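Trainee:
Numbering (full-length UniProt numbering), first residue to last: 1 to 127.
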């Protein structure tokens, strides 16, 4: 096959599938990846927590719908929540009966760290 293609001058190239910007490996994927919220879930000793469910709610006024219901933390405790740049959301992690405090997160900003379980002293409320 490579031999036939190498000798073909002016042959039509097969059409490339069109992938929307930011989807999969399509054009703009790096930009879209930078626009989400990155974070990690850790235990009280700072060790990664695998398989925690990360939940989010919009802090925008009026609230914006979120495309994902939830995401899971990986083996290293890391997660990525896809949100448009500048979007604010409250994130929390849940694993079994353990729940973290909510943390204010802005898409494209610094990494968010969620600690499981929440401290015994409780959590500061977010709007």
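Ideal placement from N, C-alpha and C gives every residue a C-beta, glycine not left out.
Note that the structure is predicted; figures quoted are calculated from it, not measured.
DSSP three-state call for residue 26: helix, strand or coil?
Mentor: The predicted position of residue 26 is uncertain, since its pLDDT is 39 and thus under 50; a value taken from the coordinates is nonetheless stated next. Of the three classes helix, strand and coil, the one that applies to residue 26 here is coil, per DSSP.
Trainee: Suppose the cutoff is 7 Å on Cβ atoms and the five residues either side in sequence are ignored; what does the same chain contact list for residue 57 look like?
Mentor: Excluding positions up to five away in sequence, the list reads 89 and 90.
Trainee: At the level of alpha carbons, what is the spacing between residue 47 and residue 107?
Mentor: Going from the Cα of residue 47 to the Cα of residue 107 covers about 24 Å.
Trainee: Skipping 5 residues on each side, what residues in its chain have a beta carbon closer than 6 Å to that of residue 75?
Mentor: Correct list, in chain order: 50.
Trainee: Find out if the Cβ-Cβ distance for the pair residue 52, residue 37 is shorter than 8 Å.
Mentor: Contact: no.
Trainee: Excluding five sequence neighbours on each side, which residues of the same chain lie with their C-beta closer than 7 Å to the C-beta of residue 44?
Mentor: Contacts found: 115.
Trainee: Which one or two residues does DSSP pair with residue 77 in a beta bridge?
Mentor: Answer by DSSP bridge pairing: none, since residue 77 is not bridged.
Trainee: Please report whether the beta-carbon of residue 91 lies at a distance below 8 Å from any beta-carbon of chain D.
Mentor: The chain inventory of the structure shown lacks chain D, comprising one protein chain alone.
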